[in-house]
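Step one of this worksheet: look at the structure below.
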Amino acid sequence: MPRDTSRPKSQWSVPEERLGGIEIAQDRDESFGGAHCLSVDEAERIVENLTEFDLQDVGNKQWLEQHGQIEKLNQQAHASARDKSDEFVLEAFLTFDKLGTLIYDLILIETWRERVYPLLVEHLVGGGENEATRSRAMRAYFVLYHEATVVNLLECLCYHAHAVGAVKDASLDLTDYCARRLAALHSRAKAFRELNPARNPDEKPADFADKLKNRTAREELEEQALQIEFTVSVSCVALVRMVCEHVGELTVAAVSRIVDKHDFLLSVIPLIEHPPWTRARQDGTKRVWQKLENGEWTDVPHDRLLDVTKLEAQAWFALYWLSMHQEIRKRYGFDAYRKQTLLRARRFVNDVLLDQIPVLADLQRFMDELAIVSAPEPTAVNDRMGLMQQVAAFQESICRKADYDALAKRQIDEIWSSVSMKDDDLTKLVDIYAGDHLLEEEASSKPLDLDALQKELQKENVDSNNLDEQGLARLSRDVVGVSIEDARGASPHKPAIKASKRGEAKVVKAADGNSLRREKWVLERPKPVDVDDSLAVVVEFGDGTAERIVGKQLNLPSLLVPPPPKKQWRQVGAVAEGLTAQLLCVRDEVAGAEKATYFVEAAFVSTPVSVVGDFRAPPPDSSQIGIL
Numbered sequence: 001m002p003r004d005t006s007r008p009k010s011q012w013s014v015p016e017e018r019l020g021g022i023e024i025a026q027d028r029d030e031s032f033g034g035a036h037c038l039s040v041d042e043a044e045r046i047v048e049n050l051t052e053f054d055l056q057d058v059g060n061k062q063w064l065e066q067h068g069q070i071e072k073l074n075q076q077a078h079a080s081a082r083d084k085s086d087e088f089v090l091e092a093f094l095t096f097d098k099l100g101t102l103i104y105d106l107i108l109i110e111t112w113r114e115r116v117y118p119l120l121v122e123h124l125v126g127g128g129e130n131e132a133t134r135s136r137a138m139r140a141y142f143v144l145y146h147e148a149t150v151v152n153l154l155e156c157l158c159y160h161a162h163a164v165g166a167v168k169d170a171s172l173d174l175t176d177y178c179a180r181r182l183a184a185l186h187s188r189a190k191a192f193r194e195l196n197p198a199r200n201p202d203e204k205p206a207d208f209a210d211k212l213k214n215r216t217a218r219e220e221l222e223e224q225a226l227q228i229e230f231t232v233s234v235s236c237v238a239l240v241r242m243v244c245e246h247v248g249e250l251t252v253a254a255v256s257r258i259v260d261k262h263d264f265l266l267s268v269i270p271l272i273e274h275p276p277w278t279r280a281r282q283d284g285t286k287r288v289w290q291k292l293e294n295g296e297w298t299d300v301p302h303d304r305l306l307d308v309t310k311l312e313a314q315a316w317f318a319l320y321w322l323s324m325h326q327e328i329r330k331r332y333g334f335d336a337y338r339k340q341t342l343l344r345a346r347r348f349v350n351d352v353l354l355d356q357i358p359v360l361a362d363l364q365r366f367m368d369e370l371a372i373v374s375a376p377e378p379t380a381v382n383d384r385m386g387l388m389q390q391v392a393a394f395q396e397s398i399c400r401k402a403d404y405d406a407l408a409k410r411q412i413d414e415i416w417s418s419v420s421m422k423d424d425d426l427t428k429l430v431d432i433y434a435g436d437h438l439l440e441e442e443a444s445s446k447p448l449d450l451d452a453l454q455k456e457l458q459k460e461n462v463d464s465n466n467l468d469e470q471g472l473a474r475l476s477r478d479v480v481g482v483s484i485e486d487a488r489g490a491s492p493h494k495p496a497i498k499a500s501k502r503g504e505a506k507v508v509k510a511a512d513g514n515s516l517r518r519e520k521w522v523l524e525r526p527k528p529v530d531v532d533d534s535l536a537v538v539v540e541f542g543d544g545t546a547e548r549i550v551g552k553q554l555n556l557p558s559l560l561v562p563p564p565p566k567k568q569w570r571q572v573g574a575v576a577e578g579l580t581a582q583l584l585c586v587r588d589e590v591a592g593a594e595k596a597t598y599f600v601e602a603a604f605v606s607t608p609v610s611v612v613g614d615f616r617a618p619p620p621d622s623s624q625i626g627i628l
């Protein structure tokens with residue numbers, strides 16, 4: 001049962017082969033340009049009703065409902081931060097004093113993952129490949145992913161100093177948790193780097209796709225659990241940076257944790273020396289370097305290896321604040337070992353790094369000064385030191401007298417024995433992750449029939465008079481890669497930019513009865529374009545083939561008076577020919593600009609599912625789309 005709290009009131013994509021597509025009447029994707037998942041009143045109501053559950057309740061219906069609510073809060077918090085709008089989710093957490101409840105939830109799910117989940121795995125996915133096993137695996141995935149959701153939300157909220165200060169005594173549990181995640185990055189770096197292995201050059205793309213698709217439920221769940229742990233651990237590097245930046249807002253006990261017990265500075269240095277978000281693989285006789293960017297392993301040319309990614313920058317900022325913040329420097333004693341460890345990072349601070357992160361010049365100067373200062377041996381500093389520390393209350397209350405074996409058996413009987421793919425709590429979570437809560441109310445309220453959706457994807461009601469042979473062939477091919485380049489080809493001045501798939505494929509039905517499979521692909525970084533540029537979209541398919549569709553000039557509005565719409569849609573290709581891409585062009589708001597400039601942020605790639613009559617793709621927004 002949920003625990004009574006005495007506190008005063010005051011984004012994983014689900015594998016497509018498990019869920020199928022989603023049938024909707026109109027695809028209004030508002031994940032760009034300021035979509036609002038929640039209203040202010042809804043956010044306040046959700047935050048006010050957040051509850052601290054017991055360990056035995058993790059995974060039950062009430063717990064999953066709260067997980068879905070926290071996921072909505074996470075989506076809204078990031079949307080508000082991205083759009084620089086009113087961050088009412090943060091204000092709700094501060095008003096109702098619920099940041100402590102959020103951290104309690106984080107410690108609870110971590111304890112469940114480490115102590116209870118290993119005792120459940122055999123029951124969850126050890127019964128052979130059947131619908132019940134898949135259902136339990138999906139539910140377990142949602143439970144495990146809750147940890148990533150909470151960390152992601154805390155990462156957004158703790159950007160503000162007053163939010164870090166509002167954590168209060170829960171900062172002990174937060175700093176202890178971050179220390180454990182940093183330790184995981186060190187101890188499990190090899191396993192993390194082997195996630196999402198690249199395709200062997202000698203292996204056909206179709207064979208590689210089949211190998212991934214034919215994994216057992218156990219193999220898939222184990223890989224997903226490891227992927228979630230890696231995602232959470234990497235996110236904690238940014239969380240450490242923010243906590244250290246606002247360390248003056250923490251309690252004395254939390255600062256002692258950072259400086260003395262966990263010694264975050266010594267934990268960050270190895271991440272700079274041997275970053276777990278960088279790996280090398282052999283491509284025949286050639287060695288290819290990859291870096292983790294936006295959750296995906298991306299090939300990096302040798303001449304761009306010194307470019308600092310967001311993850312690398314977070315580690316450097318964490319080291320900067322751990323070395324330069326006055327509150328830490330007053331308490332941190334540099335003995336010979338600490339001095340030697342910090343100076344190991346000095347060789348990485350060069351002109352290329354300083355050009356990208358200029359603030360590190362102060363850190364470079366501090367290291368140079370430290371190098372000429374003599375430091376005492378560790379024993380000379382600590383031989384007379386006595387240390388008394390406060391206990392982390394949340395972890396103590398959760399783990400005290402816990403019988404994990406009995407708890408696992410009870411969860412099997414009460415939660416995991418009767419799991420079905422059609423459970424209401426699972427279908428609601430599918431709606432949240434797929435973004436259906438952004439659609440019209442009547443569309444999102446329609447019950448999700450997974451069997452019907454799977455049949456819809458497999459249906460091929462094709463009128464061969466409307467598609468050529470090439471278009472018919474596309475009906476049986478999955479899109480595995482998308483990139484956008486200049487119509488005349490990629491160049492050093494205008495390189496091709498790859499995109500990564502976001503969300504689930506949606507089966508979109510037009511008024512004339514046609515159906516198409518639409519997938520959203522988000523560019524790794526926005527591609528700047530001129531108003532009269534011509535673009536090409538390269539689409540790679542799972543059978544190893546690729547096609548390049550070229551459009552005419554974008555013809556985007558150039559005059560700023562009156563201001564043109566923030567978003568413009570342009571289409572490349574034609575669905576009647578079996579392939580189209582609808583490009584999202586976002587106007588760049590630059591003060592003092594004489595004419596409008598734009599960036600391409602995403603592409604909606606559409607391929608036919610069924611064809612009736614004259615085939616034509618329904619646009620994402622018929623009022624703004626231009627056909628090239």
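Using the UniProt record's numbering, you'd call the opening residue of the sequence shown number 1 and step up by one each time. No residue lacks a Cβ here, since even glycine has one placed at the ideal position from N, Cα and C. Please read all numbers here as calculations on a predicted model, not as lab measurements.
Within the same chain, 300 and 356 come within 8 Å of residue 307 by CB-CB distance, once the 5 residues on both sides are set aside. Just so you know, the alpha carbons of residue 408 and residue 59 end up roughly 12 Å apart. Comparing C-alpha distances from residue 359 to each of 325, 95 and 180 shows the shortest one belongs to 325. If you draw a straight line from the Cα of residue 110 to the Cα of residue 149, it is about 12 Å long. In the three-state reduction of the DSSP assignment, residue 360 falls in the helix class, which pools H, G and I. Between the alpha carbons of residue 508 and residue 429 lies a gap of roughly 21 Å.
For the set 336, 332, 334 and 361, the Cα lying nearest the Cα of residue 346 is the one of 361. Nearest Cα to residue 45 within the set 63, 81 and 93: 93. Annotation: residue 309 is outside any beta strand (DSSP E) and is labelled neither H nor E by DSSP. Residue pairing by DSSP places residue 298 opposite 291 in a beta bridge.
Here residue 320 is buried: its Cβ has 16 or more other Cβ atoms, across all protein chains shown, within 10 Å. Taking 7 Å as the cut-off, the Cβ atoms of residue 603 and residue 482 count as close. CA-to-CA, the gap between residue 366 and residue 349 works out to about 12 Å. Taking a cut-off of 8 Å for Cβ pairs, the segment 187-196 and the segment 134-142 do not touch, as fewer than three such pairs fall below it. Under the DSSP assignment, residue 529 falls in the beta strand (DSSP E) whose first and last residues are 515-529. Bridge pairing for residue 548: 538 [DSSP]. A Cβ-Cβ distance of about 11 Å is found for the pair residue 600 and residue 572, leaving them out of contact under the 8 Å criterion.
Residue state for residue 332 is assigned as coil, using DSSP reduced to three classes. In the DSSP assignment, residue 395 falls within the unbroken alpha helix (DSSP H) covering 393-399. DSSP places residue 53 outside both helix and strand once states are collapsed to three, so it counts as coil.
The beta carbon of residue 131 lies closer than 7 Å to those of 421 in the same chain, with the five residues before and after it left out. The beta carbon of residue 245 lies closer than 6 Å to those of 321 in the same chain, with the five residues before and after it left out. Rounded to whole angstroms, the Cβ separation of residue 534 and residue 609 is 29 Å, and the two are not in contact under 8 Å. A distance of 7 Å or more separates the beta carbons of residue 353 and residue 371.
Nearest in C-alpha terms to residue 235, of all of 282, 221, 318 and 219, is 318. Bridge pairing for residue 481: 540 [DSSP].
By the Cβ rule, the segment 562-569 does not count as touching the segment 499-506, because fewer than three pairs are nearer than 8 Å. Given a length threshold of 3 residues, the segment 31-116 has no whole run of the beta strand (DSSP E) inside it.
Between the C-alpha atoms of residue 311 and residue 165 there is a straight-line separation of about 25 Å.
Relative to the Cα of residue 184, the nearest Cα in the group 583, 282, 376 and 268 belongs to 268. A Cβ-Cβ contact shorter than 7 Å links residue 247 with residue 327. Contact between residue 240 and residue 264 is confirmed by a C-beta separation of about 6 Å, below the 8 Å threshold. Taking all protein chains in view, the Cβ of residue 305 is surrounded by fewer than 16 other Cβ atoms within 10 Å, so the residue is classified as exposed. With a cutoff of 7 Å on beta-carbon distance, residue 254 and residue 175 are scored as near each other.
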